[in-house]
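Student:
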Amino acid sequence: MNLDNTTLSSLLDHSATDAIALTLRLATVTTIALLVIAIPLAWWLSQTRSRWRAPVSALVTLPLVLPPTVLGFYLLVLMGPSGVIGQVTDAIGLGLLSFTFTGLVIGSIIFSLPFAVQPIQHAFESIGPRPLEVAMTLRARPLDAFLTVSLPMAKPGILVATILSFAHTVGEFGVVLMIGGNIAGQTRVVSTEIYTYVESMQYTQAHWLAAIMVVFSFAVLLWLALLKRQARGVLS
Amino acid sequence: MPIRNPSSTPGAIAFTTPFSIHLLLWWRLLLTATLALTMILAPGSSKATSGLNVAVAANFVAPALEISETFEAKTGIAVTISSGSTGKFYAQIRHGAPFDVFLAADSESITKLIDQGWAVPSDHFTYAVGQLVLWSPDPARLRDQETAVAVLKEGRFDRLAMANPLVAPYGAAAQDVLAHLNLATAWPDKRIQGQSIGQAYQFVASGNADLGFVALSQIIQSNDSNQPVRGSTWLPPQSWYRPLTQDAARLTKSMNPEQARAFLLFLRSPDAKAIMARYGYQP
């Protein structure tokens, strides 16, 4: 972690800086995993005429409207010993994933999926069929065309998806609360740490940590707005 | 009431990305919800001033509901129960939440509220003492104190659920029991903390933890199925942990001081004590 610990430690205790480090780790791992999942998924959604398109699209958007408590509760049940995920992970020797870092990553991937898929899907759709057709006439194989034409052209969308996935994971609360278990270094992230501070009446600590979150979120959104303006400038 | 059609918002077409569309959808939803809420709340808002609003710590909600029903039947005073964590209610009351009475899960938060002038010292007392219990869904697991202590000391469990000691009195009590057994920092990776005793119970009930420190009232009180909770339990000696005294007080901002006093008086009556005893609280 690149935070200056000497100045921070006067404001935040050890537990809070640990939570910040873990949150950044969770957001990084989740974002990388989301890009791996979201790029092919968004490509398929942007190209397919399959009758599965609508249901899959709805499924991907579902975490946007469901309360995090619903997601967290179902994940807790599914990852438990009688749940589908729990039985699979137990059978292959991983044990139960609830209350583990891996469990949190899975929860965060589902929670932030629409924030990764939608900007990329939109970027692919806005390219239109023409550049790909041109690539085909130049005898490019489909994978070639995808890698050398579609992917570079969708770069702004992928960048937006990356920023949003990261920021949304940092701001995640309800799902972590349900499947986390508040274990230091494993599942104790900034948002739940603020909750603990407030509940235990340590308002000064809560204020500092909350202020960091506000500054971070504002900076991310400002960056995003500047990026969008830049992109518009290029297009016009 | 003039209703504006939100779909005619000018400038909506200027947004083109799906995200802006979503923002727009949310905005419409927000507008509709605000309109609906205004219509629902406006005529009924005067109703909230009659009757009592009682803030109740989550572990005591079931007996509090039964007590308030009996109280209502006797006095005709309507009681509305709000359930939540003591720390959250403390923060809300300090910022002017409109409760008449606060039934906390500890005594510190009430003492602090009195010091700051938010609660009335003359109407402050301990209404119940809770009991901590170690619970396993396995009926053969905790046969007696000896086996229970052995299970804890040898770490013969996958996950031990408890409430966060920083925020929940039952969590602090569980930590006391572990410290008494010289296990204060043992098994850090196997300890699962809930943000309330309700969450600790849920972790065991859903099978995600195979052992947990919960409140006796949770084991006794009827759950979903009205069946006694399955499994085995161990009640640690009460000298092993700080007393789980739960204090009540009337709040300074109460608009119904007479009715609030009547409710607090009833909370000390034999009728109320009998209900509490059934839920595993000591008077």
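Just so you know, the protein sequences line up as chains A and B, in that order. Sequential numbering of the first sequence, starting at 6, is according to this note's numbering. Sequential numbering of the second sequence, starting at 555, is according to this note's numbering. No residue lacks a Cβ here, since even glycine has one placed at the ideal position from N, Cα and C.
(1) Pop quiz: A/Ser155 and A/Ile132 are said to be a contact at Cβ under 8 angstroms. What is the actual Cβ separation, rounded to whole angstroms?
(2) When DSSP builds the beta bridges, which residues end up paired with B/Ser636?
(3) Starting from A/Trp48, follow the alpha helix (DSSP H) in both directions and report where the run begins and ends.
(4) At 7 angstroms on the CB atoms, spell out the chain B contacts of A/Pro86, in chain order.
(5) Kindly identify the DSSP beta-bridge partner or partners of B/Phe839.
(6) Measure the beta-carbon distance from B/Thr799 to B/Val683 and round it to whole angstroms, keeping in mind my assumption that it falls under 8 angstroms.
(7) Which residues does DSSP list as the beta-bridge partners of B/Trp788?
(8) Taking the alpha carbon of B/Gly671 as the reference point, which residue from B/Asn810, B/Leu805 and B/Lys827 has its own alpha carbon closest?
(9) Between the region 86-111 of chain A and chain B, which residues of the former have CB atoms less than 9 angstroms from a CB of the latter, in chain order?
(10) Should A/Ala189 be flagged as near chain B, meaning a C-beta pair shorter than 9 angstroms?
(11) Straight-line CA distance for B/Asn613 to B/Pro652?
(12) Reducing DSSP to helix, strand and coil, say where B/Asp712 ends up.
(13) Please go through the same chain and pick out, in chain order, the residues whose beta-carbon is closer than 8 angstroms to the beta-carbon of A/Phe104, but skip the five residues on each side of it.
(14) Please check the pair A/Ala150 and A/Ala140, which I expect to be a contact at CB under 8 angstroms, by giving their CB distance rounded to whole angstroms.
(15) With H, G and I counted as helix, E and B as strand and the rest as coil, what does DSSP make of B/Arg796?
(16) Evaluate A/Tyr202 with the Cβ neighbour count: other Cβ atoms within 10 Å of its Cβ, from every protein chain shown; 16 or more gives buried, anything less gives exposed.
(17) Can you pull out the residues from the region 639-665 of chain B whose beta carbon lies closer than 7 angstroms to at least one beta carbon of chain A?
(18) Determine, using beta-carbon pairs with one atom in the region 809-829 of chain B and one in the region 710-730 of chain B, whether at least three such pairs fall under 8 angstroms.
(19) To test your reading of the DSSP string, which unbroken alpha helix (DSSP H) runs of 4 or more residues are found completely within the region 46-123 of chain A?
(20) Just the C-alpha distance for B/Ser823 and B/Lys628, rounded to the nearest angstrom, thanks.
(21) Tell me, please, whether the CB atom of A/Val82 is closer than 9 angstroms to any CB atom in chain B?
(22) Would you kindly work out how many angstroms separate the C-alpha atoms of B/Lys601 and B/Ser771, rounded to a whole number?
(23) List the residues of chain B that A/Met218 touches, going by C-beta distances under 9 angstroms, in chain order.
(24) Would A/Val194 be called buried (16 or more neighbouring beta carbons within 10 Å of its own) or exposed?
Tutor: In short:
(1) In the first sequence, counting from the first residue as 1, residue 155 of chain A sits at position 150. In the first sequence, counting from the first residue as 1, residue 132 of chain A sits at position 127. With a contact defined as Cβ atoms closer than 8 angstroms, A/Ser155 and A/Ile132 qualify at about 6 angstroms.
(2) In the second sequence, counting from the first residue as 1, residue 636 of chain B sits at position 82. Answer is B/Ala609, bridged to B/Ser636.
(3) Here residue 48 of chain A refers to the residue found at position 43 when the first sequence is read from its first residue. Run containing A/Trp48: His19 to Gln52, per the alpha helix (DSSP H) assignment.
(4) Locating residue 86 of chain A in the first sequence gives position 81, counting from the first residue. Ordered by position in chain B, the residues that pass the 7 angstroms Cβ test against A/Pro86 are Gly761.
(5) Since the displayed chain B opens at 555 and closes at 837, residue 839 of chain B lies outside it and no answer follows.
(6) Taking the first residue of the second sequence as position 1, residue 799 of chain B is located at position 245. Taking the first residue of the second sequence as position 1, residue 683 of chain B is located at position 129. That pair is a contact at about 6 angstroms.
(7) For the purposes of this step, residue 788 of chain B is taken as the residue at position 234 of the second sequence. Looking at the DSSP output, B/Trp788 sits in a beta bridge with B/Leu688.
(8) In the second sequence, residue 671 of chain B corresponds to position 117, counting from 1. The candidate whose alpha carbon is nearest that of B/Gly671 is B/Leu805.
(9) Here the close residues are Pro86, Ser87, Gly88, Gly91, Gly100, Leu101, Ser103 and Phe104.
(10) Walking along the first sequence from the start, residue 189 of chain A turns up at place 184. Nearest CB-CB separation between A/Ala189 and chain B: below the 9 angstroms threshold.
(11) Walking along the second sequence from the start, residue 613 of chain B turns up at place 59. Walking along the second sequence from the start, residue 652 of chain B turns up at place 98. B/Asn613 and B/Pro652 have their C-alpha atoms some 21 angstroms from each other.
(12) Walking along the second sequence from the start, residue 712 of chain B turns up at place 158. Looking at B/Asp712 - three-state DSSP - the assignment turns out to be coil, as it is neither helix nor strand.
(13) Along the first sequence, read from residue 1 onward, the residue named residue 104 of chain A stands at position 99. Take A/Phe104, set aside five residues on each side of it, and the residues of its chain with a beta-carbon closer than 8 angstroms to its own are Ile184, Gly185, Gly186, Ile188, Gln191 and Thr192, in chain order.
(14) Within the first sequence, the letter at position 145 stands for residue 150 of chain A. Within the first sequence, the letter at position 135 stands for residue 140 of chain A. The C-beta distance from A/Ala150 to A/Ala140 rounds to 4 angstroms, short enough to fall under 8 angstroms.
(15) On the second sequence, residue 796 of chain B is found 242 positions in, with the first residue counted as 1. In the three-state scheme derived from DSSP, where H, G and I count as helix and E and B as strand, B/Arg796 is classed as coil.
(16) As a working mapping, residue 202 of chain A is identified with position 197 in the first sequence. By the beta-carbon neighbour count (other beta carbons within 10 angstroms, threshold 16), A/Tyr202 is buried.
(17) Ser639, Gly641, Lys642, Tyr644 and Ala645: these are the residues of the region 639-665 of chain B whose beta carbon lies less than 7 angstroms from some beta carbon of chain A, given in chain order.
(18) Under the Cβ criterion (8 angstroms, minimum of three pairs), the region 809-829 of chain B does not count as touching the region 710-730 of chain B.
(19) Note on the region 46-123 of chain A: whole alpha helix (DSSP H) runs with a minimum of 4 residues are 58-70, 73-84 and 89-96, in chain order.
(20) What you label residue 823 of chain B is simply residue 269 of the second sequence in a count that begins at 1. What you label residue 628 of chain B is simply residue 74 of the second sequence in a count that begins at 1. Going by the C-alpha atoms only, they are around 12 angstroms apart.
(21) As a first step, residue 82 of chain A must be located in the first sequence, where it is residue number 77. It does: the Cβ of A/Val82 has a partner Cβ on chain B nearer than 9 angstroms.
(22) Here residue 601 of chain B refers to the residue found at position 47 when the second sequence is read from its first residue. Here residue 771 of chain B refers to the residue found at position 217 when the second sequence is read from its first residue. Because B/Lys601 carries a pLDDT of 39, less than 50, the predicted location of this residue cannot be relied on, and the following value inherits that uncertainty. Between B/Lys601 and B/Ser771, the alpha-carbon positions lie close to 33 angstroms from each other.
(23) Here residue 218 of chain A refers to the residue found at position 213 of the first sequence. Residues of chain B with a Cβ closer than 9 angstroms to the Cβ of A/Met218 do not exist, since the nearest Cβ in that chain sits about 18 angstroms away.
(24) In the first sequence, the residue the question calls residue 194 of chain A occupies position 189. Answer is buried; the Cβ neighbour count reaches 16.
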